[in-house]
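Chains as they are written, first to last, in UniProt numbering: chain U, 1 to 388; chain A, 1 to 284.
Cβ coordinates follow ideal geometry from the N, Cα and C atoms, glycine included.
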Amino acid sequence: MAEQGTFEGYGGRHVPEPLEEPLAELAGAFDQLKNDEAFQREFESLLEHFGGRPTPVFHAETLSERYDTEIYFKHEDLLHGGAHKLNNTLGQALLAKRAGKERLIAETGAGQHGTATAMVGALLDMDTTVYMGRHDMGRQEMNVFRMRLMGADVEPVERGNEGLAEAVDAAMEDLIERTDETHYLVGSAVGPDPFPRMVRHFQSVIGREAREQVQELHGDLPDACVACVGGGSNAIGLFHAFKDDDVAFYGAEPAGKGLNSGQHSAPLSATEREDPEVFQGMRTRVIDDGTENHSVSAGLDYPAVGPEHAALQELGRAEYHGITDEEALAAFRELSEAEGIIPALEPSHAIALACKLAEADRHDTLLVNLCGRGDKDMRTAAEQFDLS
Amino acid sequence: MSGGTGESRIPAAFESEPAFVPYLAAGDPTFEASLAYVEALERAGADVIELGLPFSEPIAEGPTIQQAVVRSLDGGMTVERYFEFVAALDVDVPLVCMTYYNLIYQYGDEEGPEPFVERAAAEGIDGFVVPDLPAEEAGPLRAACDAHGRDLVSIVAPTTRDDRLQRLVDLSSGYLYVQARLGVTGARASVSDRTTESLARVAETGTDLPRAVGFGISSFEQARDVIAAGADGAIVGSALVDIVAEGHAEDRPPEETAAELEALGRELKEGALAAAEPEASQAD
Ligand SMILES: Cc1ncc(COP(=O)(O)O)c(C=O)c1O
C-alpha cells in the first residue's frame, strides 16, 4: 500500500496479514477499472436505467422562506432502494464480478446498505450474505424483509451492542475465511484501503450532478454543502465535487442524547478530543471508551468515522457538528409537514443542522443531501409522534 | 521472573529441537488462575510462550479467543496489569507479547511504540506479535525492538506472496509465524495443504529465521505433521484456550484446568518431537 491510501495520515490498511494481499489486489483492480471506459459505461448505464439517475435537486420553498435562506435538497432518497447506497453497491459489485468473485457480503445498520447490496446481488446473480446486528434487525425490520425477498441471507450478529460495528466485525471474519470467492462490499467510506477512496469514487456522482443542478436552478454554486455523517459516504459523495470550490462543508454527526451525555456516536464533534486509533482496519477518530455508542438512527450509530472526514476536519476544510436524537426527530417531522417529503432519520440530522446554520445566518444558500427516505423509520415515528 | 535485561532469548529456543509454542490470553479468566496456567504450559515443555494482551476490538480472532479476551477484560486486565502479570510469572522460557497496534502505540506519554517496548522489555517480554500492524508502518516498532534487544515476529499468511513475503522476512527477528490456513483463529481437524506451500515459499527467500506454524493445531498428530512439513515449531492457541473456557464454564478448580493444560501441552510437545525421530513417525 502506498501513501494514496491515506488522508493526512488517517486511513491506511491495518488488517491481519491474510487480508493484505487480497486488499492490495482489490486496490489494483479498482485503480485499473476506474479509468476503464467500458466499465464506466456499464456503471453509468445501470445507474440510469436501474437506479433512476440523475436524481433531482429540489428547492424547498417553505423551509427557505421560514429560515430566510435558500435551501436545496439533493433527492438521493429517490434513488432506487430509497437511499444513496446503490451508487456504491452497484460500482463495487460490478468491480467484484470483473475480478471473478461469486459472492458478496456486506454489513448493514439501517438495512439500507444491506438492501442495496441485496438488489445488486439479485441483479447480477451473485450469492449475497448480509450481516446485521440483532438490535438493528428489530428496529429496521422492513429492510430485513426486503433483503430476504431479494434472495439475500441475513445473518443476525449477536455480540456487543448488536449494531453496525459488530456487523462489520462479523463480515470481516467471513472475508478472512472465504477471501478467494468473496467480495466484502463495505457500505461506507470506512475500513482499510482501498475502501474509503473506492466508496468515495462511486458516491461522488451525487456531488457531480448536484453541482450542475444547483447552478442551473440558482445560477450559482451553493455557499455550503450539508450532509449527515455515519461512516461518511453520502457526505464525501456530495462534498468531493466541490472540493476546489469556495463552498463550505458541514457534516452532521449523531449526538444521540447529547454530546456530553456519554451516549452518542460523534467522534469528530464530541467535546472530548481523542487521539486517532486504529479501528476496523483504518487509522481514524473513534468515540472514547467511556461513551456508549448510540443514535436514534441505525445508519449513524457507528463509533468511528471515515478517515477522510477526520482529515478534512483537521485541515479545517469541513466542520462537524453534533445533532441530537431530539433535534433530528424534530427535523424529520418538520420536513414531512413543510415539504411533503418524509426523510430517513439519517438525513434528518443534516436537515436539522442546515436549519441551525440558517438560523445562525451563516450562509445564504445551502445544499443538503437528502440521502434517504423515511419509510424504514415509520415504526420509530409512529411511537415518537403517537401516530397509531 | 528472569529476563528483563540483555537480549531476547527467543532465537536460542529454536536451536536444539522442534519447539512447542503455546498461546494463552493473560488473565483469562483471572490473574491468579492464569499465572498457574502459563506455568503449567512451561512444565509441559513449552519452548516459547505467546501471552495475549487483551484488546477490546480484536480483529480476525475466532469466537474462542474473542471470548478469552472478554473473560480476561472482565477479570480486570489492563496494560498495567499485564505488565504486573509478566513480572509475577515464575517461568524461564521466552515470552512473546501478542497484542494490537493501539495498545502499543498509545502507551506512555511519548508518541510511538518506544515506551511500551521499554516497559515490556524491563518486565521480561522477549518479543512482540502485532496482527494489525502493517509492514509499511512497522519501522518505529522495529527500531524500538532493536534498541531494547527484543524480537518482532511477523505473521505470514497463505496469501502472502513475493515482495511482501520478502519484506516481512526482512522486518522480522526471532521467528516467523506461518499461518497454516486462511481464516480466523480456532481449532480445526486437519492441517491444510497450504501449510506445506507456505513453508516452501518462506524457504525460497533463503531466510534462516525459524518458522513456527500456527492456526488450528490441536493434537499430537497435527503438531507432528507441521514439523514433518518443515516447520521449526508448532503454535497452539485455541485448543488450549478451549480448556480454560471449559474449566471456567464448569467452575472447575484451577488446579484441575492447569493439569489438563499440562497434559495437552505434553501431547503437543511430544507430537512436535515425534516428527524429528524417524522411528516414532513411522509408528502410525
Ligand atoms: C439513508 C442513510 N443515510 C446515511 C447513512 C449513513 O452512512 P454514510 O455516513 O456512509 O452516508 C445510512 C446508513 O445506513 C443511511 O441508510
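From the options, residue whose alpha carbon lies closest to that of residue i
i	options	result
U:Q280	U:G299, U:F195 and U:L315	U:F195
A:D208	A:D232, A:D225 and A:F220	A:D232
A:Y100	A:A157, A:K269 and A:F128	A:F128
A:V213	A:A223, A:V86 and A:A138	A:A223
U:P222	U:Y10, U:V229 and U:F239	U:F239
U:G299	U:A266, U:L104, U:E181 and U:A24	U:A266
U:V278	U:E8, U:G5 and U:G12	U:G12
A:E221	A:P134, A:A144 and A:A276	A:A276
A:V130	A:F83, A:A122, A:R142 and A:R181	A:R142
U:G316	U:I287, U:V247, U:E48 and U:P22	U:V247
U:G151	U:N260, U:G160 and U:D127	U:D127
A:A203	A:Y107, A:R71 and A:V156	A:V156
U:Q313	U:I236, U:R211, U:P303 and U:A331	U:I236
U:Y184	U:R373, U:E17 and U:P22	U:P22
A:D170	A:D151, A:I65, A:N102 and A:L264	A:D151
A:Y107	A:A88, A:F83 and A:D90	A:F83
A:E50	A:V96, A:A245 and A:D132	A:V96
A:E111	A:P140, A:R119, A:G265 and A:P58	A:P140
A:A12	A:D47, A:G6 and A:P22	A:D47
A:D132	U:V296, U:M282 and U:P303	U:M282
Proximal residues to residue i (C-beta, below 6 Å), its chain only, five neighbours per side dropped
i	result
A:A68	A25, D28 and V241
A:R9	P94 and D126
A:A283	Its pLDDT being 41, under 50, A:A283 is placed unreliably in this model, and the value from its coordinates should be taken loosely. Closer than 6 Å at Cβ, skipping near neighbours: no residue.
U:T55	H75, E76, L78 and L79
U:D386	none
A:G3	With a pLDDT of only 45 at A:G3, under the threshold of 50, the placement of this residue in the model should not be trusted; the figure read from the coordinates follows. Cβ within range, chain order: G124.
U:A2	Reliability fails at U:A2, whose pLDDT of 41 lies under 50, so the model's placement of it is uncertain and the value that follows must be treated cautiously. Once the five neighbours on either side are set aside, U:A2 has no close Cβ partner at all.
U:S269	E253, Y320, H321 and G322
A:A280	The predicted position of A:A280 is uncertain, since its pLDDT is 44 and thus under 50; a value taken from the coordinates is nonetheless stated next. If we look at A:A280 and ignore the five residues flanking it on each side, its Cβ neighbours are A274.
U:V157	Y131, G133, E166, A167 and A170
U:Q213	V57
U:A99	A29
U:K85	Q112, H113 and A116
A:M1	Residue placement at A:M1 cannot be trusted, given a pLDDT of 42 that sits under 50; the coordinates are not used to answer.
A:F116	I104 and Y107
U:R103	D127, E181 and T182
U:K243	none
Residue(s) in a DSSP beta bridge with residue i
i	result
U:K74	U:V57 and U:N369
U:H183	U:L104
U:A83	U:G372
U:T128	U:L104
A:V96	A:E50 and A:G127
U:F279	U:M282
A:I154	A small correction: the amino acid at residue 154 of chain A is Ser; Ile does not occupy that position in the sequence shown. The partner list for A:S154 (beta bridge, DSSP) reads A:L176.
U:H363	Answer is none; U:H363 lacks a bridge partner.
U:Y250	U:V226 and U:E319
U:D153	U:T129
A:Y23	A:E50
A:A234	A:F20 and A:V213
U:Q263	U:E292
U:A171	DSSP, once it has assigned bridges, lists no residue as partnering U:A171.
U:G256	U:T324
U:A304	U:V286
Cβ shell of residue i (< 7 Å), same chain only, five flanking positions each side left out
i	result
A:K269	F20, A44 and G45
A:R258	It is worth fixing the name first, because residue 258 of chain A is Ala in this sequence and not Arg. Contacts found: A36, Y37 and A40.
Beta carbon proximity, residue i to chain C, threshold 8 Å
i	result
U:E216	No chain C appears in the structure shown, which is made up of the protein chains U and A.
Close Cβ partners of residue i (< 8 Å) along its chain, the five nearest in sequence each way excluded
i	result
U:A224	V247, A248, F249, Y250, L357, R362, H363, T365, L366 and L367
A:A229	V191, T195, T196, L199 and V213
query: Is it a yes or a no for the region 362-379 of chain U touching the region 89-98 of chain U, going by three-plus beta-carbon pairs under 8 Å?
result: No, they do not touch.
message: Tell me whether the region 328-341 of chain U and the region 307-314 of chain U touch, counting them as touching only if at least three CB pairs, one residue from each stretch, are closer than 8 Å.
response: No contact exists between the region 328-341 of chain U and the region 307-314 of chain U.
query: So does the region 311-330 of chain U actually touch the region 349-357 of chain U, counting three or more Cβ pairs closer than 8 Å?
result: Judged by Cβ distances under 8 Å, the region 311-330 of chain U makes contact with the region 349-357 of chain U, as three or more pairs qualify.
query: So, do the region 360-376 of chain U and the region 63-70 of chain U have three or more beta carbon pairs nearer to each other than 8 Å?
result: Remark: three or more beta-carbon pairs, one from each stretch, lie closer than 8 Å, so the region 360-376 of chain U and the region 63-70 of chain U are flagged as touching.
message: With three or more beta-carbon pairs closer than 8 Å as the criterion, would you say the region 131-142 of chain U touches the region 108-119 of chain U?
response: Yes, the region 131-142 of chain U is in contact with the region 108-119 of chain U.
- prompt: Looking at C-beta atoms only, is the number of pairs between the region 209-220 of chain U and the region 251-265 of chain U that lie closer than 8 Å three or more?
  reply: They do not touch, by the three-pair rule.
- prompt: Does the pairing of the region 196-216 of chain U with the region 114-123 of chain U give three or more beta-carbon distances under 8 Å?
  reply: Here the region 196-216 of chain U does not lie against the region 114-123 of chain U, with fewer than 3 beta-carbon pairs under 8 Å apart.
- prompt: Is the region 217-235 of chain A close to the region 31-38 of chain A, with three or more CB pairs under 8 Å?
  reply: No: the two stretches stay apart, fewer than three of their Cβ pairs being nearer than 8 Å.
message: In chain order, what are the residue ranges of uninterrupted alpha helix (DSSP H) at least 4 long that sit wholly in the region 1-54 of chain U?
response: Those alpha helix (DSSP H) runs which fall completely within the region 1-54 of chain U and span 4+ residues are 17-33 and 37-49.
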